[in-house]
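*Asks:* Handing you a structure now.
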Amino acid sequence: MNDRTAARTERIKELFAAAMPLDPAGRIAALDRACAGDQQFRQAVASLLDNYDSAQQFFAQFPDNFARQFLGLTAGPPTFATGALIGGRFRIIGFLGAGGMGEVYEAEDLFLASEHVALKTLPADVSDDSHAIDRLKRELALARQVTHVNVCRVFDVDQHVSSSGRPLAFFTMELLAGETLRARLQREGPLSTTVALPLVRQMAAALTAAHTAGVVHGDFKPGNVVLVPSTPAAERLVVTDFGLARRDAAPDSVSNGGAGWGTPGYMAPEQLAGGGPTRASDVYALAAVAFETVTGKPPSGTATVDAISIDPSWRSALLGGLDANPKTRVASVDALLRALTAVPPTANPHWRRAAAVAVLSLIFFGVLLLPPVRARLWPTIGGDGAAVAGRRQNVAVLAFEAADRTPAAAAYARGLAATLTDQLSTVTRDEPRHLFVPAAALLATGVNTPVRANRALGADVAITGRVDRAPTDRPGGGEPGSRRVTIEVHEVSAPQSVVTPGRHVDLVEGKLVLPLVSNEVARMLAMRPTIAVAGNTAPSPAVEERYIRGRGYLEQGRAPRIDVAQLELAVAEFEGAIEGDRRFAAAHAALGETFVLLYEATKDTRRNTELLDLAEQRAIEACRLEPKIAHFFVVRALAYLANGRHSLAIPSLEAALRLDPDAVGARDNLARAYAATAQAARAEQMLEQGVNDRPRSWSAHEDLGVLRLNRGQYRIAEIHFLKGREYAPDNPRVISNLAVLYTMTELFDAAEQELQRGLALTPDPILYNNLGWAYFYQGRFADGVASLKHAADLSTENSVVLAGLARGYRWVNRQREARAAYAVAISAAKRQLSADPSNAEVLANLAYLYSETGEQGEARRLIGRALQAAPENVRVKFTSALVFELSSQRQAALQALQSAIDGGHPKYQIAHHPDLRALRTDSRYVQLIAAAAWTR
Amino acid sequence: MDKSAGGDITGLLEQWRNGDRAVEARIVDAVYGELHQIAQRYARRERRGHSLQATALVNEAYVRLVARRSSWKNRAQFFGVAATLMRRILIDHARRSRAGKRGDGIAHVALDDELLDRAARANLSATNLDDVIAVDEALTRLAAVDGRQGRIVELRFFAGMTSKEIAEVLGIGERTVDREWAIAQAWLYVELRKRPEPPAA
């Protein structure tokens, strides 16, 4: 910067500073006076002044000290050094952090056999005030009377006199090695109600213990709740700072005129208005914390509760707890907890969870839980949306063949078919005669020929393709990037399959591939309108190539079973595509989808929810870039659904359906999410509408049929399953579901026949598994074992299959094989449990495995926990009957069976389960069955 | 970073305080090293069942580097050094977060990615991150035009220091700091408005 510029800059600053405090007219006058015809100078200052207000607003959007907060650098240096002796009794081990009141240290209590404690300093104004210290001592003495596993123990209040002679008050309490609920929520986001409930239960236990002892918390909030890992499967929740509310001047706390301190967001209205803390205000705070636990934010009044999508029993409980009037508010902490766990009359426990614990597995219901999703490349322009008479044609684009045998070329060919499906799907809203079968559905069912596409997926038209090097006589032929795609269209719904002659599309380097190919296919199908490509959002050819190849790896990594190596290749391609074009929304979405699958692949072994955060970020970015593409919203929802955050997924799925009623994975997942959040009526409505809109869709019928089946409405379920079979007779999911229905209605021969037919078409492990169980229920154990052995050979990772095989070996008395299979099944169940420690069905399943292997103590402990975690779950009740029976507790087993029957557990398992053979000869069982009414 | 390097930092900080601005980059690198080491230790500890908190991490670095060294007690001056560091960490994080990938070749970033992600999730949204990156870029241009103003923005925006603290660190009057901060905001905002707006979807 030379001197002249420097002088000029200095003048600009001076004039700016002088004019800034003035009003607009004054600023103009000041500029006129000072600039004296130097327009350029005037312009420079005026521009700065004009933008100053907006600038301040812009900078105000960042929280104060945001970078310091970001890095956690908000505290000063700790007062005590490591090794310092405090109050002649405590030796400082280390500085733990700075809290609202003061600093927290880990210290060693030299009087008490060197027990380690947390030492908390108090603010200077307290330390200097002997009355305040006395009052605090009285309050702590009261708080000390509360002895409860969920209440942090408080030891002593004392003073330390530093070398400067200034007293510093401190108190000591139990040292907790864990993180606060606040930190947990910041780290992981809102928790599902299933995960949250055991935590809220422990909070309620702590507050109830205190209230019983006459102690009120007064500042209950997530920052005062610590989660301490105890066993690998469970956490101990500890509530801290009881009775300290009057003193806790945390930065996020406010004074309410001397009556006490609290934290807005958790403070009851009467407390905010100046009233002291009461039991009722603690109830309010507990409801507020419960709300934040499942939504991520504290409530502001009951209106916010109405606005969220949540389990109805939670909603009504929270509304009652957050009642502004302490007189009409839920009367006690205990009442609030009871309201939270109440099962609303509309919720049917059968439909709550399609869990792997069901002995007769409905895994095909689960296969599409991670739905075959498609990504779309470019927004489509054009199309007048005219309705077309006649029914829609289902089109399946089969994986293209690659002449080149390299994995990259195969991925490209497969990806081209998948992206072609995506792209053509975007026009089906405007051109409603065609409906495209998602690429993933083809892979999941192993469909690789046009006829099978018809039989297994109900396709009317199948498209096959082949990618070769372009012939050398074509323009650009023989060059490295040149390709020729040959496409054939097969009319497969006609009695005689008709094939149109193959058409060639020659591709040259530097040109986008997909618009050319999809236009050609659209012409061949006589689709209207053809596809226009929005030039400004289309990627470059190089980016497109990476994306298409990535899609190929993604499809290969998705089905028939998740393949991490393929998915990692997909990640690399999508990241490369994004690198090349950050505005390429489809690549963001596809990357997000890949992260979800990677999470699915590893969730049993690691709780790497970070992958889900990454998936969510990518999906949000895709939705931001292209807010009209339904599929991107589905991907976002998948990131939430993968770990059970149904409430979060619902708005995304609803948005997807609004954008495109045919969006793959939107309707079925939304129905499941409604069901999981106890909105069974809406779930049912969704699925019924799916059948009405697409009466020939086999998958719509299957989804609705499964819902009916899970409700015990076997007749209606059968109608839907038979419809499904009509449109997709060879689909393994259709076959499996129908066989499950036959088994559940005790038509074992029909089940066997259907499964044998399916196995002749596809050697699928689930079909083998279900066949094995159909045999077991008939007492044909040797056949059952043989069938489950096939299932286990094909599905080496599936813990349900492995447990079934172990049971089979036990029943045919092949002890050595049984032992090995049980070991595998138990370790798989333990992994599942460590990933999902409060899942009652997983707990129950593990308990059953332990009882089968003679570890009755462990079995009883776990089944107790399962029953406590989900007292209404009939599957857990039924499993508990098995556990009790195997531990020779006949009376308990009968009671559990009674309870399962009362809850609506289907009869077939009770009447035919091999582990209840002895029990069924008991006269009490005969009475019990005679009295049972299986009405549905 | 080993113990002797800790000693070096004290010396470097002393030099920096005495006006040798050339050592700043070395200090920043050293602090990075310390943060990295602590992050590793916490990461190992976490595997044994303890939980990791970014706050604890940086506090520990702060305590080790600053509070325990008698020759370096001034908290405000620590933030003077830390501002550059924080800006760098924050921007690296924001860039990677925006790019949706981890470890994209910003070689000097040694901090645990997960840690940064967590810290960022706690305090910053995705849109904010885009703005932070834009501010950073504009700030680089500002610093080229007016070094002192650039320094003030860095201390204020990235280190969250008060005018008083900034005045202390830079050895200028508090009112000058306020005036410079005001004009710098306006200047940066004008620069930010030159950003190409994403076309409406």
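Chains as they are written, first to last, in the numbering used here: chain A, 3 to 938; chain B, 8 to 208. We put the beta carbon where it would ideally sit given N, CA and C, even for glycine. Bear in mind that the values here come from a model prediction, so they are computed numbers and not experimental data.
1) Mind checking whether Pro-663/A and Asp-705/A have CB atoms under 8 Å apart?
2) Between Arg-95/B and chain A, is there a C-beta pair that is closer than 8 Å?
3) In chain A, what lies closer than 7 Å to Asp-153/B by C-beta?
4) For Gln-58/A and chain B, any beta-carbon pair shorter than 8 Å?
5) Within this structure, are the beta carbons of Gly-225/A and Thr-182/A separated by less than 8 Å?
6) For the beta strand (DSSP E) containing Gln-395/A, name the first residue and the last one.
7) So the beta strand (DSSP E) Met-175/A belongs to, where does it begin and stop?
8) Return the CA-CA distance between Tyr-414/A and Leu-640/A, expressed in angstroms with no decimal places.
9) Does the separation of the CB atoms of Ile-98/B and Ile-140/B fall below 8 Å?
10) CB Arg-548/A to CB Ala-579/A, shorter than 8 Å?
11) May I ask you to report which of helix, strand or coil DSSP gives Arg-76/B?
12) Return the residue from the list Ala-788/A, Arg-238/A, Val-803/A that minimises the CA-CA distance to Ala-794/A.
13) Mapping the DSSP letters down to three states, classify Pro-224/A as helix, strand or coil.
14) I want to see whether chain C comes within less than 8 Å of Tyr-549/A, judged by CB atoms only; does it?
15) Let me make sure I understand the geometry here. Which of Leu-444/A, Ala-83/A, Tyr-676/A has the alpha-carbon closest to that of Ser-164/A?
16) Quick test of the definition: if touching needs 3 or more C-beta pairs under 8 Å, does the region 149–157 of chain B touch the region 182–195 of chain B?
17) CA-CA distance, Asp-143/B and Tyr-196/B?
18) By Cβ distance, which residues of its chain are closer than 7 Å to Leu-445/A, with the 5 residues on each side in sequence left out?
19) Measure the alpha-carbon distance for Thr-466/A versus Ile-489/A and round it to whole angstroms.
20) So, Ile-88/A versus Ile-95/A, is the Cβ gap smaller than 8 Å?
21) Taking just the CA atoms, how far does Glu-187/B sit from Glu-156/B?
22) So does the region 168–177 of chain B actually touch the region 33–52 of chain A, counting three or more Cβ pairs closer than 8 Å?
23) Take Ala-805/A and list the residues in its own chain whose beta-carbon comes closer than 6 Å to its own, dropping the five residues that flank it on each side.
24) CB of Ile-931/A to nearest heavy atom of the ligand HEM: below 7 Å?
25) By the criterion of Cβ-Cβ separation under 8 Å, what are the contact partners of Ile-98/B in chain A?
26) Pick from Asp-111/A, Ala-62/A, Phe-60/A: whose alpha carbon is nearest that of Gly-85/A?
27) Hey, how far is the Cα of Ser-901/A from the Cα of Thr-447/A?
28) Does the beta carbon of Phe-61/A come closer than 8 Å to any beta carbon on chain B?
29) Checking 8 Å against the spacing of the C-beta atoms, do Thr-242/A and Val-228/A come in under that value?
30) How far does the alpha helix (DSSP H) with Glu-172/B in it reach, from first residue to last?
31) Any Cβ of chain B within less than 8 Å of the Cβ of Tyr-54/A?
32) Decide if the region 267–280 of chain A is in contact with the region 198–212 of chain A; the criterion is three or more beta carbon pairs, one per stretch, under 8 Å apart.
33) At the level of alpha carbons, what is the spacing between Glu-198/B and Ala-145/B?
34) Enumerate in chain order the residues of its own chain whose CB-to-CB distance from Arg-416/A is below 6 Å, with the five nearest sequence positions on each side excluded.
35) Look up Asp-508/A in the DSSP assignment and give the residues it is bridged to.
36) Within 10 angstroms of the Cβ of Arg-6/A, are there 16 or more other Cβ atoms? Answer buried if so, exposed if not.
*Replies:* Let's see:
1) Here residue 663/A refers to the residue found at position 661 when the first sequence is read from its first residue. Here residue 705/A refers to the residue found at position 703 when the first sequence is read from its first residue. Contact: no.
2) Here residue 95/B is taken as the residue at index 88 of the second sequence, counted from 1. No - not a single Cβ of chain A is within 8 Å of the one on Arg-95/B.
3) Locating residue 153/B in the second sequence gives position 146, counting from the first residue. Chain A residues near Asp-153/B: Thr-11.
4) Numbered from its first residue, the first sequence carries residue 58/A at position 56. Chain B, which has a Cβ nearer than 8 Å to the Cβ of Gln-58/A, makes this yes.
5) Position 223 of the first sequence, counted from the start, is the residue given in the question as residue 225/A. Position 180 of the first sequence, counted from the start, is the residue given in the question as residue 182/A. Thr-182/A is positioned such that its CB atom lies closer than 8 Å to that of Gly-225/A.
6) Along the first sequence, read from residue 1 onward, the residue named residue 395/A stands at position 393. Unbroken beta strand (DSSP E) run through Gln-395/A: 395–399.
7) For this step, residue 175/A is matched to residue 173 along the first sequence. Residues 169–176.
8) The residue labelled residue 414/A in the question sits at position 412 within the first sequence. The residue labelled residue 640/A in the question sits at position 638 within the first sequence. Rounded to the nearest angstrom, the two C-alpha atoms are 25 Å apart.
9) Numbered from 1 along the second sequence, position 91 holds the residue referred to as residue 98/B. Numbered from 1 along the second sequence, position 133 holds the residue referred to as residue 140/B. Yes, Cβ-Cβ distance for Ile-98/B and Ile-140/B is below 8 Å.
10) The sequence position of residue 548/A within the first sequence is 546, counting from 1. The sequence position of residue 579/A within the first sequence is 577, counting from 1. Yes, they are a contact pair.
11) Sequence index remark: in the second sequence, residue 76/B carries index 69 (1-based). Its pLDDT being 47, under 50, Arg-76/B is placed unreliably by the model, and nothing is read from it.
12) As a position in the first sequence, residue 794/A is number 792, starting the count at 1. Selected option, being the one with the closest Cα: Val-803/A.
13) The sequence position of residue 224/A within the first sequence is 222, counting from 1. Here Pro-224/A carries a helix assignment [DSSP, helix/strand/coil].
14) Of the protein chains in this structure, namely A and B, none is chain C.
15) On the first sequence, residue 164/A is found 162 positions in, with the first residue counted as 1. Closest option to Ser-164/A, Cα to Cα, is Ala-83/A.
16) yes
17) Counting from one through the second sequence, the residue named residue 143/B turns up at place 136. Counting from one through the second sequence, the residue named residue 196/B turns up at place 189. In a straight line, the C-alpha of Asp-143/B is about 12 Å away from that of Tyr-196/B.
18) Counting from one through the first sequence, the residue named residue 445/A turns up at place 443. Around Leu-445/A: Glu-557, Arg-560, Ala-561, Pro-562.
19) In the first sequence, counting from the first residue as 1, residue 466/A sits at position 464. In the first sequence, counting from the first residue as 1, residue 489/A sits at position 487. If you take the alpha carbons of Thr-466/A and Ile-489/A, they lie about 6 Å apart.
20) Here residue 88/A refers to the residue found at position 86 when the first sequence is read from its first residue. Here residue 95/A refers to the residue found at position 93 when the first sequence is read from its first residue. The answer is no: Cβ separation not under 8 Å.
21) Residue 156/B sits at position 149 when you count from the first residue of the second sequence. Residue 187/B sits at position 180 when you count from the first residue of the second sequence. In the sequence under discussion, the amino acid at residue 156/B is Gln, which differs from the Glu named in the question. Cα-Cα distance, rounded: 6 Å.
22) no
23) As a first step, residue 805/A is located in the first sequence; it is residue number 803 there, counting from the start. Counting only Cβ-Cβ distances below 6 Å, and skipping sequence neighbours, we find Ala-827.
24) Only the bare structure without any ligand can be found here, which leaves the ligand HEM out of the picture.
25) The residue you call residue 98/B lines up with position 91 of the second sequence. By Cβ distance, chain A contributes nothing, its closest Cβ being about 10 Å from Ile-98/B, past 8 Å.
26) Here residue 85/A refers to the residue found at position 83 of the first sequence. For Gly-85/A, the nearest C-alpha among the options comes from Asp-111/A.
27) Along the first sequence, one-based indexing puts residue 901/A at 899. Along the first sequence, one-based indexing puts residue 447/A at 445. Each residue's Cα considered, the two are about 39 Å apart.
28) Locating residue 61/A in the first sequence gives position 59, where the first residue counts as 1. A Cβ of chain B is located within less than 8 Å of the beta carbon of Phe-61/A.
29) The count along the first sequence starts at 1 and reaches residue 242/A at position 240. The count along the first sequence starts at 1 and reaches residue 228/A at position 226. In this structure, Val-228/A lies closer than 8 Å to Thr-242/A by Cβ.
30) Here residue 172/B refers to the residue found at position 165 when the second sequence is read from its first residue. Element bounds for Glu-172/B: 170–177.
31) Position 52 of the first sequence holds residue 54/A. Chain B, which has a Cβ nearer than 8 Å to the Cβ of Tyr-54/A, makes this yes.
32) no
33) Residue mapping note: residue 198/B aligns to position 191 of the second sequence, counting from 1. Residue mapping note: residue 145/B aligns to position 138 of the second sequence, counting from 1. Taking the Cα positions, Glu-198/B is about 6 Å away from Ala-145/B.
34) In the first sequence, residue 416/A corresponds to position 414, counting from 1. Once the five neighbours on either side are set aside, the close Cβ partners of Arg-416/A are Ala-401, Gly-554, Glu-557.
35) One-based indexing of the first sequence puts residue 508/A at position 506. Paired residue(s): Arg-486/A.
36) For the purposes of this step, residue 6/A is taken as the residue at position 4 of the first sequence. It is exposed - the Cβ of Arg-6/A has fewer than 16 other Cβ atoms within 10 Å.
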